[in-house]
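Residue numbers (the working numbering): 4 to 479. By construction, the Cβ of each residue, glycine as well, lies at the ideal position given by its N, Cα and C atoms. These figures come from a predicted structure and were not determined experimentally. Here's the structure, in structure tokens; my notes come after.
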Amino acid sequence: MSEALTIASIRRWLGNPIVRTILNKSTKRGKDGKPIIECALEHSVFGTKCSLTCSFYSWFINVLIKRSAEIFGVDTKEVLEALKQPFFRRGIRNTLEGIAEFGVQTPQTTAAPFLVVWQFTNACNLRCKHCYANATPKPKPEELTTKEAKDFIDEMAEDGVVAIAFSGGEPLMRKDFFEVASYAKKKDFYVAIATNGTLITPRIAKKLKRCVHYVEVSLDGVEKTHDSLRGIHGAFRRSVTGIRNCVSEELDVGIAPTITRYNLKEIPDLLEFAKKLKVNRFITFNFIPTGRGKSMLDKDLTPEEREKMLKFLYSKLLEKNYPDVLSTSPQYSRISIKTAREDPDAPVLPTHFAGKQARDALKGKTKTLSSFIGGCGAGRLYCSIQPNGDVWQCVFLPIKVGSIRERSFKEMWMNNPVFRELRDRSKLKGFCKVCPFRDVCGGCRARAYGYFGDIQAPDPGCIYNKKYWEEIKNTM
């Protein structure tokens, strides 16, 4: 079945009024206070006792799963096996609730953020030149308390959020990190930490093993370059030691460089080093002109440099014995799609967090999935929380939409006009508006805002928006 026919089948199947009506009713709360759809999923997987109403929805969910699996070419048994994981069940619930609320969309909006990136503290032990958070040696006095953090985790669980990524600053600088992260894992979230790695001793690695699923360590280049960018002599060696300690504990580990002209030529060597360290992922981050990064605009990649770099990364993804080679640049999905047109065995990347296991399970249907996941997910699949509870669309997109201290998180997600604007790709400007890859990419909205002060502006890092980059370059 072609991609267009597959998408049409999904729209007919999941988007028809009868299915949406049933899905809407399944989002209501049962007598036990849990969403009916959640009880139905548990019944489908584990055969748990439930009411007659729940049994009906369980049957309905099974039909949905079977038919959707057929459309995507996935083994139903594999889906049911994956549903044994609580955060996978929550992800299905979140997606189906999103369809009930918004209909079938390309790209899709979920009923709650699939991922919340939580800037857990502003405190950091490094002084990075490109820090989006303008991190400081000490935490800010207005940061959420431990109780507020746990209460917010309860609220996110209630809303259906699937994953929490603790970021900073340096999240390990907060004394209550392990208490809060453990609480999140106990509440069935997929828990990740983005860290500079310098504080991960063997003891800390063992503690991380108990409370997080994934550790992502920033490593920006060879020793001299990394230390220069991070502002502290010896940071590289301490970060590498932290990575090795995590690998020793068999944690899922990724290395995450932010690519600029400082380190562009070192990326091939850094990837080889990642392979040697036996990490699971190598994920390059877009440079965003925000925070302290505003002072180094001249070090951003040109569109040509970014295109060449992304093609190199994808070539390494195709080779054996490398970690998952990914990028937060939404153009990476476009490059994978164009390659797959000539090579049917080449994987299409629906998102930068789609690992090899997920792609293998979908067996060639990732191109269709990419139309629903849709590249940049700011305000559509994820958002960020600041240390004081302020809600942003993305850690790199500093527009406050509210505070969890003042308003319902779910209400902000559903009704905030900035979120709604980000979800409407027809409002994009420049080539992003008419690009044939608009649904699978959409450009980086944070880069658009960082350069133009407009979330709908063209992403000047894309080769198709080169003329906008030339305009920017003339003003530097």
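Just to confirm, are residue i and residue j a CB contact at a threshold of 8 Å?
i	j	result
Val394	Ser406	yes
Ser339	Ile10	no
Pro260	Asp301	no
Ala195	Ala168	yes
Cys127	Phe181	no
Cys447	Gly464	yes
Thr287	Ser242	no
Tyr335	Lys278	no
Arg295	Asn137	yes
Phe412	Asp191	no
Pro174	Phe123	yes
Leu304	Arg337	no
Ala160	Phe117	no
Tell me residue i's beta-bridge partners as DSSP assigns them.
i	result
Asp255	Tyr217
Gly405	Val394
Ala168	Val120, Ala195
Phe288	Thr261
Quick check: what's the CA-CA separation for residue i versus residue j?
i	j	result
Pro350	Gly456	35 Å
Met176	Cys435	39 Å
Thr478	Lys150	47 Å
Phe105	Thr112	7 Å
Cys249	Lys87	26 Å
Thr56	Trp16	22 Å
Gly380	Lys212	28 Å
Pro205	Gly245	8 Å
Asp154	Ala85	28 Å
Leu431	Gly378	14 Å
Gly18	Ala103	8 Å
Thr201	Ala43	44 Å
Ile258	Val120	17 Å
Gly172	Glu252	24 Å
Arg92	Ser47	11 Å
Val282	Ser71	33 Å
Val256	Pro20	43 Å
Tyr454	Pro292	7 Å
Val164	Ala115	6 Å
Lys469	Phe49	53 Å
Tyr452	Lys210	38 Å
Pro347	Lys341	10 Å
Ala449	Thr51	44 Å
Leu280	Leu274	10 Å
Phe63	Lys80	17 Å
Helix, strand or coil for residue i? Go by DSSP, reduced to three states.
i	result
Asp154	helix
Thr56	helix
Val421	helix
Tyr325	coil
Ser387	strand
Arg32	strand
Thr139	strand
Ser47	helix
Leu300	helix
Met184	A small correction: the amino acid at residue 184 is Ala; Met does not occupy that position in the sequence shown. Ala184 falls in the helix class under three-state DSSP.
Pro89	helix
Ala460	coil
Leu202	coil
Pro38	strand
Ala72	helix
Ala208	helix
Ser411	coil
Ser332	coil
Leu99	helix
Ala115	coil
Leu400	strand
Ala449	helix
* Asked: Within the chosen definition, does the segment 225-242 reach the segment 89-96 through at least 3 CB pairs nearer than 8 Å?
  -> no
* Asked: Is there contact between the segment 49-63 and the segment 128-145, where contact requires at least three CB pairs shorter than 8 Å?
  -> no
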